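Notes for the one structure printed next.
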Amino acid sequence: MESKWILNRRRFLKTAGAAAVAGTAGLLEAPKKAWAGEGKLATLIDLTRCDGCRDLPVPACVSACKRIKTGTLDEPVDPIPVPFPSGKVEDWSKKREVSDRLTPYNLIYVQKAQVESNGEKQALFIPRRCMHCDNPACATICPFAANHKFENGAVVIDADTCFGGAKCKTVCPWEIPQRQSGIGVYLKVLPTLMGNGIMVKCDLCGDLLSQGKEPACIGACPQKAMAIGPRGEIMARAEALAKGIGGHLYGKRENGGTATLYVSPVPFETLSATLKPAPGRPGLYPVERRMEKTDGLGKAVLAAPALGIAAGVAGAFSFISKRKNRLKGGE
Amino acid sequence: MSERILEEQNRVVRHGGIELAEHWIIALSGLVLLLSGLFELPVAARYGIISIPGLAWSGDFITSLSVHYAASVVFIAASVFHLLYHGLAGERELLPQKGDIGTSIAVIKTFFGKGEEPPFGKYLPEQRLAYLGMAVIIAGLILSGLVKTWKNVYAPDMSHAVVLWATWLHNIFFVLFVLAFVAHIGAILLKPNRPLARGIFTGKIRLDYARHRHPLWMAAIEGNRPSPPENESSSDEALSGTAGAAAEAPSATQPDSAPPPDPGAAESSTPATPPEAGRNGE
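Heads up: the sequence lines are chains A and B, in that order.
For the record, in the first sequence the residue sitting at position 164 is 170 according to my numbering, with numbers rising by one throughout.
For the record, in the second sequence the residue sitting at position 33 is 764 according to my numbering, with numbers rising by one throughout.
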């Protein structure tokens, strides 16, 4: 799993240099190779460009994602074990064509928001997928380390070790990971009592990135509404773009920061108000990183050994002194 | 060292205040860790634990993580304190000694009526082995837990290999911790060991019991060790230093040295043979 993320430093320097030159060519020209290098990546989604592929039955990014992910999941067993006590099996394998929400077989979809801004009615289209948060609770609290944030910024679930307990979905502020029952290691342990499948979400097309290619959705976009590149560069582009159009950013601070930046001409509060969050259809509301509240205690945990050392050494010193005094007949 | 004989009460002080505090702080924080750690698996909502009064928080992973962290601070500080305090003071009575495995097997056989127990020092050989086992488990839990905590707070993108190791070691040691806890309670429930249970609450155990089952320890306290010594550590200097006036030192083979009149003694009757007396639990 990890090996595909181990990237070559020399290639990075070479491509990053090339990207720096190429970067001036156009704000939204995806740097062709930079994202194959070492270092953190980020993606930019420009809502001024995305038109939801109105002429197509399914937006190009969604089709491309479906296409590249076809056959990557094992086939669910039949019948799928019924989990105790809920009895709730989540089987999307017979509805793989669904493209208007997130499912284990549809890792990106495009939301439509009808908004009125500056007296004008307009439709905005918002591609939605995993935000690849900077400090993702979904990954850090996975009890089996099946979900992990890699050095390049991609948050990836390993289908081979995921039990489908859906803890990641519970702690994700957008409830992005989707469950497919009947697949995974849980079948070999206690299928009705522990776990319930595998969790699936966007992995930023790690296989393509390792080949120096861009994620399928980004490459397929006819409007070039999405870009991927070195984090600093993408952040700078997003901010410059937002500033240029008097627009707004989403994803920079949400959930403590993410590797996905949306740039919108209308405020996200306005967009959020028109989007009704539903299962597989996340909102665009403000999000605080809940786990941040535990960081103080976490730091105290890391300091606890020092506390124990100080107390132990002081206690032992005092004990030994007393013992010496006693042996000298002091007592 | 607070070990001393209280003839009037038919008691001997086995643990000092520091040892009792260490034990209970580690035990209670360990239990909180065990439960809150369990709740880090998605079990509480699935199995209705959240509907148990007082456990509604168990279904919220962030809250149970906070509880886990809070208990960890206490658990880690107490464990490290224990290691350094007793390590630097040279107290090694709880560390396994040569022959402990064989002796433990012999002792376990006596529980089934086979053979007789040898005379013991302060700790039973199986206690020393169990201590080492629990110490290894706790060290494994702490070290792997610290890596996981570092990842949570500072480095969510640390090497996946390191995170996998830390996570799975933490999970495996968690299972071993549960098993060790069950074995620990099981050992206390064994009839011959029951007189020891009082010690972890009050620090004292029955003197007549100690004279029968732990004669080597008693001899050490009373400054009249039989030879060859079964065990005991370098801290014996301290022990002999504190070996109070005390009564006549009973030897391992003279269990009849009369305990003073005492209700505890009445319970257990004046021992006729060492093993019998030891098993007349309270």
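Glycine residues also receive a C-beta, built at the ideal position from the N, C-alpha and C atoms.
Just so it is clear, the structure is predicted and the values come from calculations on it, not from any experiment.
Check whether residue i and residue j have beta carbons under 8 angstroms apart
i: B/F851; j: B/L947; result: yes
i: B/V804; j: A/V307; result: yes
i: A/P197; j: A/P85; result: no
i: A/A226; j: A/A66; result: yes
i: A/S187; j: A/N202; result: yes
i: A/Y115; j: A/R134; result: yes
i: B/Y854; j: A/G318; result: no
i: A/M232; j: A/L267; result: no
i: A/A265; j: A/R296; result: no
i: B/I873; j: B/S795; result: no
i: A/E298; j: A/G262; result: yes
i: A/A222; j: A/C71; result: yes
i: B/V878; j: B/V893; result: yes
i: A/V121; j: A/T280; result: yes
C-beta neighbour in chain A for residue i, strict 8 angstroms
i: B/K853; result: no
i: B/V804; result: yes
i: B/H754; result: no
i: B/A775; result: no
i: B/V894; result: yes
i: B/Y862; result: no
i: B/H746; result: no
i: B/L796; result: yes
i: B/V878; result: no
i: B/Y940; result: no
i: B/V884; result: yes
i: B/E750; result: no
i: B/I686; result: Since the first residue of chain B shown is 732 and the last is 1013, residue 686 of chain B is not available in this structure.
Neighbour flag for residue i against chain B, beta carbons, 8 angstroms
i: A/F150; result: yes
i: A/E375; result: Outside the modelled stretch of chain A, which goes from 7 to 337, sits residue 375 of chain A, for which no answer is possible.
i: A/P133; result: no
i: A/R15; result: Per-residue confidence for A/R15 stands at a pLDDT of 39, beneath the threshold of 50, marking its modelled position as unreliable; the derived number appears in the next sentence. A/R15 does not count as touching chain B.
i: A/N331; result: no
i: A/P142; result: yes
i: A/H154; result: yes
i: A/R296; result: yes
i: A/G43; result: Confidence at A/G43 is low in this model, with a pLDDT of 45, below 50, so the placement of that residue is unreliable and no value is reported for it.
i: A/L308; result: yes
i: A/A145; result: yes
i: A/G252; result: no
i: A/G190; result: no
i: A/K173; result: yes
i: A/S327; result: no
i: A/I74; result: no
i: A/K10; result: For A/K10, the predicted model reports a pLDDT of 39, less than 50, meaning its position is unreliable; a value from the coordinates is still stated below. No, A/K10 does not count as interfacial toward chain B.
i: A/Q184; result: no
i: A/I240; result: no
i: A/D213; result: no
Residue i, enclosing alpha helix (DSSP H) - first and last residue
i: A/R73; result: A66 to K75
i: B/Y940; result: L938 to R944
i: A/N331; result: E298 to L333
i: A/I182; result: Taken as a continuous stretch (DSSP letters only), A/I182 belongs to no alpha helix (DSSP H), as it is neither H nor E.
i: B/L927; result: R925 to T933
i: B/A776; result: It is not in any alpha helix (DSSP H) - B/A776 carries neither H nor E in the DSSP assignment.
Run of the beta strand (DSSP E) containing residue i, from where it starts to where it stops
i: A/G238; result: Not the beta strand (DSSP E): A/G238 falls in the alpha helix (DSSP H), residues R237 to I251.
i: B/T794; result: Taken as a continuous stretch (DSSP letters only), B/T794 belongs to no beta strand (DSSP E), being part of the alpha helix (DSSP H) at F792 to L819.
i: A/F131; result: E126 to R134
i: A/A48; result: L47 to D52
i: A/I163; result: V161 to I163
Nearest residue (CA-CA) to residue i, options the options
i: B/F932; options: B/A870, B/L751, B/E739 and B/V743; result: B/L751
i: B/V913; options: B/E953, B/I793, B/R745 and B/L765; result: B/L765
i: A/V272; options: A/G45, A/A129, A/C71 and A/P221; result: A/A129
i: A/S92; options: B/G954, B/G930, B/A775 and B/I836; result: B/A775
i: A/T109; options: A/Q117, A/P283, A/V121 and A/E96; result: A/E96
i: B/S789; options: B/L938, B/A808, B/G768 and B/A802; result: B/G768
i: A/I182; options: A/L113, A/N124, A/I132 and A/L193; result: A/L113
i: A/P149; options: B/L863, B/I903 and B/G871; result: B/I903
i: B/D831; options: B/H754, B/Q858, B/L819 and B/E847; result: B/Q858
i: A/F90; options: A/A322, A/G171, A/W180 and A/F323; result: A/G171
i: A/G190; options: A/C174, A/C208 and A/F169; result: A/F169
i: A/R102; options: A/E126, A/V68, A/G45 and A/A119; result: A/V68
i: B/L772; options: B/I757, B/A758, B/I756 and B/D791; result: B/D791
i: A/A151; options: B/H901, B/R942, B/Y940 and B/P856; result: B/H901
8 angstroms Cβ cutoff, residue i in contact with chain C
i: B/F792; result: Looking at the structure shown, chain C is missing, and the protein chains on hand are A and B.
- Query: Which parts of the segment 823 to 904 of chain B are runs of the alpha helix (DSSP H), unbroken and 4 residues or longer, counting only runs that do not cross its ends?
  - Reply: 831 to 842 and 856 to 884
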